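2 protein chains.
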Amino acid sequence: MSDEPFFRFQETKVLNLEIPEKKEKTNIRVNAARISERLNQLAAFGLNAEGGIDRSFGSDQDIRARKWLSQLWTHVFEAPVKIDPIANLWVRYDKGQTLKPIVLGSHHDAVANGGKFDGAMGVLLATEVLQTLKEAGYPLRHPLMAVSFSAEEPNPYNISTLGSRSITGVLTKEDLQSAVHGKTNEKITETIHRLGGDVDQLASHLLQSDELAAFIECHIEQGRNLIDSGKSLAVVSGITGIYREKLTLSGEANHAGTTLMPDRHDALLAGAEISLGLEEIVTDLNRNDVVATVGHFDVYPDSANIIPGKVELIAEIRTSDRNVLQGIIQAFSTVIDQASKKRQVGVQRDVILDQNGVPMDAHVQEALRQAIETLSESYLTLPSLAGHDSAHMAPITPTGMLFVPSINGKSHCPDEETKIDDIVKAGNALVQAVIVLDKELN
Amino acid sequence: MSDEPFFRFQETKVLNLEIPEKKEKTNIRVNAARISERLNQLAAFGLNAEGGIDRSFGSDQDIRARKWLSQLWTHVFEAPVKIDPIANLWVRYDKGQTLKPIVLGSHHDAVANGGKFDGAMGVLLATEVLQTLKEAGYPLRHPLMAVSFSAEEPNPYNISTLGSRSITGVLTKEDLQSAVHGKTNEKITETIHRLGGDVDQLASHLLQSDELAAFIECHIEQGRNLIDSGKSLAVVSGITGIYREKLTLSGEANHAGTTLMPDRHDALLAGAEISLGLEEIVTDLNRNDVVATVGHFDVYPDSANIIPGKVELIAEIRTSDRNVLQGIIQAFSTVIDQASKKRQVGVQRDVILDQNGVPMDAHVQEALRQAIETLSESYLTLPSLAGHDSAHMAPITPTGMLFVPSINGKSHCPDEETKIDDIVKAGNALVQAVIVLDKELN
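So this is what it looks like as structure tokens:
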């Protein structure tokens, strides 16, 4: 994080905040009503008729959310909001300490017709934790920062985790040159500029390893582990690796009437066997940290009276364990070869993503566990099978994640929900974790 | 066929044809070089860089082919070409006989990037057979006619066998009102008008059962039966029934990372099981007159990182035997129910086509067999698993079909080919069949 400010939003007014009495650290608690109110306020930006949220990167609703958040931060922390070159938003609660800041945050953008909690909850809970510690007057050794990253979600530019990957040097200005909005054709570099960033400044303002003391992200689980266990909190052990292979299956498009069954080279049926085979391999492992999906599957020529001559599909495997991944790929190769031979269908395989799993920092995990135990809560330790900004912060700074339950395991949809009680527990755990880390880290 | 003429193309010049010596009927033979030359001439209209033919209904190449064919017919038969209200082309070789005409023909349009033989060969062989009998001066009791039907193939208006279905009353003016070209948006009624037809005249000019003595179509097999048997000719026993069902599978779109394998309701995998199940049912029957295909298969949202929530597919079954069809549908229903229950995926089933098989006329089949035997050729008796204009002529007049081999079973592609020797054998068989029918029919 550079020292050079990227101010675009100014303070509009400064609230007169009462300075509260200093409290014992274990009594410091977040404000449930305030969190709840702000979740609803932020959800207003992009709320659609189905109850879902449309707030993709660069949209009018994204801009409104950014303005609202900037004003909130400016008011609460009596400090300017900084916009970095990739348009991530940062605020600092600083009493002149010389140690590196501890950072909390997530992202405020949403998938199309997404939910109110994914990302937004993490940003608002970071805000609440900083505000609570500020109000409590707790004598922190480290400054605190909150961040909201740009474009974490899939978006019309086809670049997700834009903010965290760019500011940590994974995505460069050159990588962004050709990205355009799928509908408006606006270049992503222009969008970033509209939001107050400047990709020309990116290379000279990358986050450096020695700038931050730690990063913690609170996020909804998006799966069923917590909700099924009845617990409210999970300490994340690591973020899954993601492997994607594009398979192009080349059979023979032919007349669906006159080509008898034994004479066919049906690419769709080969794709069906391959998709079911992958499911079987991964289901048989019976693990809660491995999944595989065929989500993209296009058939050509896609006509009722023509035998499919070509299929393009993407097979995705998620696991943090490279050995497990290799085993799955080996078994999958056998399935592919069998389908290919049986049907005389050609297969081209292209690995389009092979992202290693990212373990969360042991020290930060331990601080989160201690914090939760201070509150006499129980918790799970879980891998994250979704990608997060934390995966990209981890190489730069000790990083940890805390999960709260997703009701019915749902996310990226209007039904996405987390009980306020669970969010409050997470907030209180984060307060305690910051206090632990503040004591231990230098 | 109405008596009211739809003349649009005029004779351009009349060739001086030599009047040949009268021959014995069994010595009357078609002219191989002439057929070959005309196949190449017609193929020039729409020949593309891949060697395929682009000559869809209403295209410039269709218009050029129509003009060429009309001029050819006018020259050869010294008679006007008639365009009926749906823009089918007709010509009559008539020496004042009072019996109803025997008609030969097929269609001259082609699928996109199609072949030179599908349809075109049948029209040119009809031309050749009539010309050969005319030149031979054979004393026919019946007038002969040749026809080339409009829009037999799938086309941008999404209406195939347009000409035969419309002129026999299956498709009405009202059915055609909403059909437009998928790219140009031209109404099909306007296209028909451009080609010399007039749908306003359709209802009052339908082909009537008492107007024709018989109809015979020669067509490429499009399958492998003939080519694998080494024989040159097949008498078609009937044209397959076609049954199509649209299945809409409703699972749950969900996060491809955080949704563990047992928690998924994957519509793609349900569709895969259903597609493979249908294949297995029909393959197990081990019959050469039944096929089934899933050709259309669309996945939503079709994204690598989202479990497919919805699939729309079309399952097609072809057989002429209603009992066989019912058996397949019953077994298929079991497959669908199992996939639906196993994955808790909803299924909506809509029958979008249920067209009965059409037997070819026994008398015409017998005439074709006699004709082939006269030539000391062997032959197969085959069902047609493709639809043809003959299926729509059959309810109106005794109808038969003759198949010639498709090299490698290929059709609807640039590689579509039939040896000229086989076409010549078919032409000679048609000459003899016309002579047999001319004697027997009244």
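Just so you know, the protein sequences line up as chains W and P, in that order. In terms of my numbering, the first sequence opens at residue 8 and continues consecutively. In terms of my numbering, the second sequence opens at residue 8 and continues consecutively. Don't be surprised by glycine CBs; every beta carbon is placed ideally from N, CA and C. Treat the numbers as computed from the prediction; the structure is a model and nothing was measured.
- Under the three-state reduction of DSSP, Leu-131 (chain W) is assigned to helix.
- Linking Ala-210 (chain W) to Val-358 (chain W) through their CA atoms gives a straight-line distance of about 28 Å.
- In the structure shown, Lys-253 (chain W) falls within a strand segment according to DSSP collapsed to helix, strand and coil.
- Looking at the DSSP output, Phe-222 (chain W) bridges to W:Val-110, W:Thr-406.
- Taking 7 Å as the cut-off between beta carbons, the residues of the segment 247-278 of chain W near chain P are Thr-247, Arg-251, His-262, Ala-263, Gly-264, Thr-265, Thr-266, Leu-267, Met-268, Asp-270, Leu-275, Leu-276, in sequence order.
- When DSSP reads this structure, Trp-97 (chain P) sits in a beta bridge with P:Lys-89, P:Val-154.
- Straight through space, the alpha carbons of Val-110 (chain W) and Leu-169 (chain W) are spaced by roughly 18 Å.
- Taking the Cα positions, Thr-247 (chain P) is about 56 Å away from Leu-183 (chain W).
- Non-local beta-carbon contacts of Gln-377 (chain W) in its own chain, meaning distances under 7 Å to residues more than five positions away in sequence, involve Val-443 in chain order.
- Cα atoms of Ile-379 (chain P) and Arg-41 (chain P): separation of roughly 22 Å, rounded to the nearest angstrom.
- With the rule of 3 Cβ pairs closer than 8 Å, the segment 349-356 of chain W counts as touching the segment 272-292 of chain W.
- Nearest to Asn-415 (chain W) by alpha-carbon distance, out of W:Gly-129, W:Ala-127, W:Trp-75, W:Asp-235, is W:Asp-235.
- Per DSSP, Thr-265 (chain P) is not a residue of any beta strand (DSSP E), being assigned neither H nor E.
- Interface with chain P (8 Å Cβ-Cβ cutoff): Ser-282 (chain W) is included.
- Put simply, the CB of Gln-104 (chain P) is far from chain W, with every gap to its CB atoms at 8 Å or more.
- For the segment 342-429 of chain P, the continuous alpha helix (DSSP H) assignments of 4+ residues that do not extend past its boundaries occur at 369-381, 396-400, in sequence order.
- Note on geometry: alpha-carbon atoms of Ile-324 (chain W) and Thr-300 (chain W) lie some 7 Å from one another.
- Pro-92 (chain P) and Gly-144 (chain P) have their C-alpha atoms spaced approximately 32 Å apart.
- Excluding its 5 nearest sequence neighbours in each direction, Leu-320 (chain P) has C-beta neighbours in its own chain below 8 Å: Lys-253, Leu-254, Leu-256, Gly-278, Ile-281, Ser-282, Val-301, His-303, Phe-304, Asp-305, listed in chain order.
- Around Phe-304 (chain P), the beta-carbon contacts reaching into chain W at under 8 Å are Leu-275, Phe-304, Val-306, Asp-309, Pro-315.
- Straight across, the Cα-Cα distance linking Thr-198 (chain P) with Arg-62 (chain P) is about 14 Å.
- The residue from P:Asp-116, P:Ala-220, P:Glu-160 with its alpha-carbon nearest to that of Val-441 (chain P) is P:Ala-220.
- Annotated three-state conformation of Lys-141 (chain W) is helix, per DSSP.
- Taking a cut-off of 8 Å on C-beta distances, the segment 80-90 of chain W does not touch the segment 110-124 of chain W, as fewer than three cross pairs fall below it.
- In the DSSP assignment, Asp-67 (chain W) falls within the alpha helix (DSSP H) that extends over 67-84.
- In this structure, Val-298 (chain W) and Gly-264 (chain P) form a Cβ contact; the two beta carbons are roughly 6 Å apart against a cut-off of 8 Å.
- Distances from the CA of Ala-153 (chain W) to each of W:Trp-97, W:Gln-48, W:Leu-409 were compared; the closest alpha carbon is that of W:Trp-97.
- If you draw a straight line from the Cα of Pro-150 (chain W) to the Cα of Glu-259 (chain P), it comes to about 44 Å.
- CA-CA distance, His-399 (chain W) to Tyr-250 (chain W), rounds to 16 Å.
- The C-alpha of Asn-435 (chain P) lies about 33 Å from the C-alpha of Asp-67 (chain P).
- For Ser-244 (chain P), the enclosing beta strand (DSSP E) covers residues 240-246.
- Lys-317 (chain W) and Leu-437 (chain W) have their alpha carbons spaced roughly 51 Å apart.
- According to DSSP, residue pairing for His-303 (chain W) in a beta bridge involves W:Ile-321.
- Residues of chain P whose Cβ lies closer than 7 Å to the Cβ of Thr-300 (chain W) are, in chain order, Ala-263, Ile-314.
- In the displayed model, Ile-281 (chain P) falls within a helix according to three-state DSSP.
- The beta carbon of Gly-230 (chain P) falls within 8 Å of a beta carbon belonging to chain W, placing the residue at that interface.
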